[in-house]
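Below is one structure, written out as structure tokens; comments come after it.
Number of protein chains: 2
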Amino acid sequence: MEDVIYLDNAATTRVAEEVEKEVSRYFRERYGNPSSLYSLAEETKTEGLDYSRDVIADLLGVDSDEIIFTSGATESDNLAIKGVAFAGEGKSHFITTEIEHHAVLHSFEWLEKNGHEVTYLPVDENGLVNPDDLEDAIRDETKLVSIMYANNEIGTVEPIEELARVAKENGCLFHTDAVQAFGKFPLELEDVDLLSASGHKIYGPKGVGFLYRRKGVRMEPLIHGGGHEGGKRSGTENVPGIVGLAKAAEVNYGEMPDEANRQEELRDRIISRVLEIPETILNGDREDRLPNNANFSFRYVEGESIVMKLNNYGIATSTGSACSSPSLEPSHVLLAIGVPITLAHGSLRVTLGRDTTEEEVDYFLEKIPGVIQELRRASPFSE
Amino acid sequence: MEDVIYLDNAATTRVAEEVEKEVSRYFRERYGNPSSLYSLAEETKTEGLDYSRDVIADLLGVDSDEIIFTSGATESDNLAIKGVAFAGEGKSHFITTEIEHHAVLHSFEWLEKNGHEVTYLPVDENGLVNPDDLEDAIRDETKLVSIMYANNEIGTVEPIEELARVAKENGCLFHTDAVQAFGKFPLELEDVDLLSASGHKIYGPKGVGFLYRRKGVRMEPLIHGGGHEGGKRSGTENVPGIVGLAKAAEVNYGEMPDEANRQEELRDRIISRVLEIPETILNGDREDRLPNNANFSFRYVEGESIVMKLNNYGIATSTGSACSSPSLEPSHVLLAIGVPITLAHGSLRVTLGRDTTEEEVDYFLEKIPGVIQELRRASPFSE
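Protein chains in written order, with our numbering: chain A, 4 to 386; chain B, 4 to 386.
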């Protein structure tokens with residue numbers, strides 16, 4: 004699959020070469036268990052685990068002991084939400100939004116099943132959460148607010164600084180799922196208490212991520228055992244994965260902001276050219292948008308068919324988010340921003356990465372009008 | 004650290020060369036998200052994820068959809084125990100043993116904090132659980148019995164077939180933490196409902212493992228989200244790790260039983276020679292014992308000092324389990340088998356692996372008597 008044009012970097016990314024090298028070294032040379040006492044283990048601990056923790060903490064401007072390594076952002080989200088719920092006495096109230104990732108939504112649904120109350124904030128037609136809505140929803144017993152930094156489907160970047168301030172001023176904890184934002188631009192953590200991120204969205208390994216937890220935030224572990232990660236997440240540390248995550252974070256922050264600017268230009272070229280196709284709309288905010296995300300709805304066609312047609316040209320894209328692709332339900336995010344159900348079925352997400360070239364984008368732009376035209380010609384709904 | 008003599012294979016193992024190659028391929032070539040729709044993702048799904056699941060299932064003689072991939076055995080243990088507890092109505096009774104891994108013990112302690120009841124079975128002086136004790140402890144409301152296949156510290160292999168049968172005959176589910184047993188010898192799963200295993204103990208990657216869950220066993224997920232792994236464990240699948248785990252399992256089962264016999268011979272040589280050192284005892288059962296485990300207590304000396312002295316000779320060993328090494332508490336396993344607290348502090352665990360050579364064992368045997376003698380000479384307790 005050397006020649007695939009990979010435009011699905013929001014789903015997952017190709018591991019960077021420098022990341023792969025680091026990981027391999029920890030597979031066969033520095034394989035010691037960091038909890039052991041001998042030199043081999045000491046090396047794994049200090050140069051692998053501790054160093055990686057310092058790298059992530061430095062990039063975020065937080066303390067090293069505020070970083071908890073996990074198996075990925077889904078676990079981080081579950082840990083933040085359920086961990087805070089378990090740490091409290093009795094039942095509490097929580098606030099989130101209608102456009103969160105399923106890792107967040109289904110964690111909250113599980114809390115509801117267990118007697119907690121959850122408010123799901125609506126968003127505007129661009130996917131933006133209104134800080135006034137948040138303020139109105141907060142109650143005396145509200146424990147935690149969880150709002151994603153940037154949406155994985157439509158790319159909208161939320162006003163996290165303001166939303167977190169509202170939460171803080173009203174005495175609530177604030178969590179953000181920053182999976183799509185981390186590594187793309189500097190994050191504003193001033194009033195953020197908990198933040199989830201993932202390795203495989205930033206050219207790092209799958210199966211590793213972290214949760215930033217501000218010192219003092221009361222949180223029960225989700226996974227009990229040997230007391231690793233300051234007692235907050237047990238299990239032998241995945242040192243190769245963690246080292247890879249830290250290296251990937253370094254790569255991303257090192258290429259910032261040039262790489263974001265480069266992708267933004269390509270993205271804007273895609274947006275303006277694709278919108279020339281008739282009866283096409285852009286989903287998500289035009290300005291407050293991830294530098295690498297474009298998401299469209301094409302009237303009269305099915306998203307899956309577009310993805311399959313593009314695949315025939317060797318172009319990898321997605322409809323909805325990767326996680327829910329196999330399901331036939333329309334995207335809950337598109338429905339939340341008011342896209343009619345027929346249009347929600349015809350959505351295409353194009354997400355760029357550091358390996359994406361101008362030539363690849365041009366090739367995609369050359370193919371997409373014909374693909375849509377062909378599908379519409381075959382569609383019973385098209386006029 | 005090329006020249007380290009690594010005798011701590013129960014803590015973690017060096018990744019096998021063939022495993023590393025497989026994993027790397029999935030980092031840079033087959034990096035697609037298995038939930039996506041295009042060819043790159045399809046390949047990752049069928050040849051990576053599905054194939055690996057089939058491999059593990061075949062080795063265990065179970066169905067592929069009974070294998071749930073996780074981030075490791077600690078998560079698998081938590082998922083089995085809490086997942087079964089959450090799936091029930093109200094509070095239940097559980098049974099485990101005093102010598103379980105902390106992943107199991109602390110999961111149960113957490114259930115106790117949340118209103119469930121747990122019975123901790125004692126073991127005999129060799130670490131063996133008596134099936135009659137289990138039968139006596141089972142009540143009408145007992146939901147799950149969790150007993151490890153083989154102990155990670157003292158190497159004792161439990162009579163799992165019989166214990167699982169007792170559980171089944173009395174209407175309870177049976178879970179076993181098989182971290183140390185999986186890959187060493189064929190497992191008896193006839194009456195086992197849930198089984199945890201790990202990649203990094205069998206020359207596979209850290210951060211990946213699985214839970215076998217017999218079809219029909221009611222279990223809530225621990226980590227909610229996109230509904231991966233049959234809805235039982237969400238989060239983008241760690242395909243490179245999973246592929247590495249399956250390859251490692253193939254390597255281990257392929258070398259069975261020759262490799263176990265080879266290690267057993269080396270282990271027996273260690274046991275007989277080390278027991279020639281005065282005031283030394285073997286911990287764990289002499290017969291029902293992991294092929295690669297030897298665990299001793301040396302009177303008058305501290306286990307940590309032995310490990311550090313051996314480290315000076317380039318030999319990596321452990322005292323207690325790796326997970327609790329940094330703590331100063333004596334091993335709960337040694338206390339459970341009745342080792343006096345002074346002797347429990349002087350324990351040494353030596354665990355062999357497929358890379359362990361006869362020469363390495365001889366080098367260890369050459370050094371250990373002098374190490375013990377030297378430490379005893381310096382000990383205020385020695386006569």
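Think of the CB as a built atom: it goes at the ideal place given N, C-alpha and C, for glycine as much as any other residue.
Residue i: first and last residue of the uninterrupted alpha helix (DSSP H) it sits in
i: A76(B); result: 76-90
i: Y123(B); result: Element bounds for Y123(B): not the alpha helix (DSSP H) but the beta strand (DSSP E), 120-124.
i: Y256(B); result: 242-257
i: Y41(A); result: Taken as a continuous stretch (DSSP letters only), Y41(A) belongs to no alpha helix (DSSP H), as it is neither H nor E.
i: S308(A); result: 306-315
i: I59(A); result: 54-63
i: T145(B); result: Premise fails: T145(B) lies in the beta strand (DSSP E), 145-149, not in any alpha helix (DSSP H).
i: S27(B); result: 20-31
i: K293(A); result: Lys is not the amino acid found at residue 293(A); the sequence shown has Leu there. First-last for L293(A): undefined, no H or E at that position.
Limits of the unbroken beta strand (DSSP E) element including residue i
i: D136(A); result: Run containing D136(A): none in the beta strand (DSSP E); it sits in the alpha helix (DSSP H), 134-140.
i: N298(A); result: 296-301
i: F185(A); result: Careful: F185(A) lies outside any beta strand (DSSP E) and carries neither H nor E.
i: Y215(B); result: 212-216
i: T98(A); result: The question names Thr, but residue 98(A) is Ile in the sequence shown. I98(A) -> beta strand (DSSP E) spans 96-100.
i: T73(B); result: 70-73
i: I344(B); result: Run containing I344(B): none in the beta strand (DSSP E); it sits in the alpha helix (DSSP H), 344-347.
i: L285(A); result: 283-285
Alpha-carbon spacing of residue i relative to residue j, whole angstroms
i: N81(A); j: K116(A); result: 15 Å
i: V342(B); j: C175(B); result: 32 Å
i: D271(B); j: V364(B); result: 11 Å
i: Y9(A); j: H227(B); result: 28 Å
i: G219(A); j: E156(B); result: 35 Å
i: N173(B); j: D136(B); result: 13 Å
i: D68(A); j: L198(A); result: 14 Å
i: F177(B); j: T239(B); result: 29 Å
i: M4(A); j: R33(B); result: With a pLDDT of only 39 at M4(A), under 50, the local geometry of the prediction cannot be trusted, and no value is derived from it.
i: I280(B); j: F299(B); result: 11 Å
i: A19(A); j: V304(A); result: 35 Å
i: P37(A); j: D57(A); result: 16 Å
i: F384(A); j: E377(A); result: 13 Å
i: R352(A); j: L63(A); result: 29 Å
i: E410(A); j: L225(A); result: Residue numbering for chain A in the displayed model covers 4 to 386; residue 410(A) lies beyond these limits and cannot be assessed.
i: D53(B); j: E362(A); result: 34 Å
i: V121(B); j: T99(B); result: 7 Å
i: R380(A); j: I371(A); result: 14 Å
i: G373(B); j: L269(B); result: 20 Å
Beta-carbon spacing of residue i, residue j below 9 Å
i: L166(B); j: F97(B); result: no
i: R31(A); j: D358(A); result: no
i: E191(B); j: I150(B); result: no
i: F185(A); j: N255(A); result: yes
i: I59(A); j: F213(A); result: yes
i: G244(A); j: V211(A); result: yes
i: L124(B); j: A140(B); result: yes
i: A13(B); j: G158(B); result: yes
i: H109(A); j: G230(B); result: yes
i: D11(A); j: T354(A); result: yes
i: R389(A); j: T345(A); result: An answer regarding residue 389(A) cannot be provided, because it is not within the stretch 4 to 386 covered by chain A.
i: V195(A); j: T179(A); result: yes
i: V87(B); j: R217(B); result: no
i: I273(B); j: F367(B); result: yes
Residue i (DSSP reduced to helix, strand or coil)
i: D196(B); result: coil
i: Y366(B); result: helix
i: S110(B); result: helix
i: A13(B); result: coil
i: V277(B); result: helix
i: T159(B); result: strand
i: T47(A); result: helix
i: R357(A); result: coil
i: T320(B); result: coil
i: L351(B); result: strand
i: S334(A); result: coil
i: L176(B); result: strand
Problem - Three or more C-beta pairs below 8 Å linking the stretch 290-310 of chain A and the stretch 62-76 of chain A - result: no
Handout entry: Contact between the stretch 281-296 of chain B and the stretch 80-95 of chain B (3+ Cβ pairs under 8 Å)
Key = no
Exercise for the section: Examine the Cβ distances between the stretch 315-323 of chain A and the stretch 35-42 of chain B and report whether three or more of them are shorter than 8 Å. Expected result: yes
Exercise for the section: Inspect the CB distances between the stretch 25-32 of chain B and the stretch 241-258 of chain B and report whether three or more fall short of 8 Å. Expected result: yes
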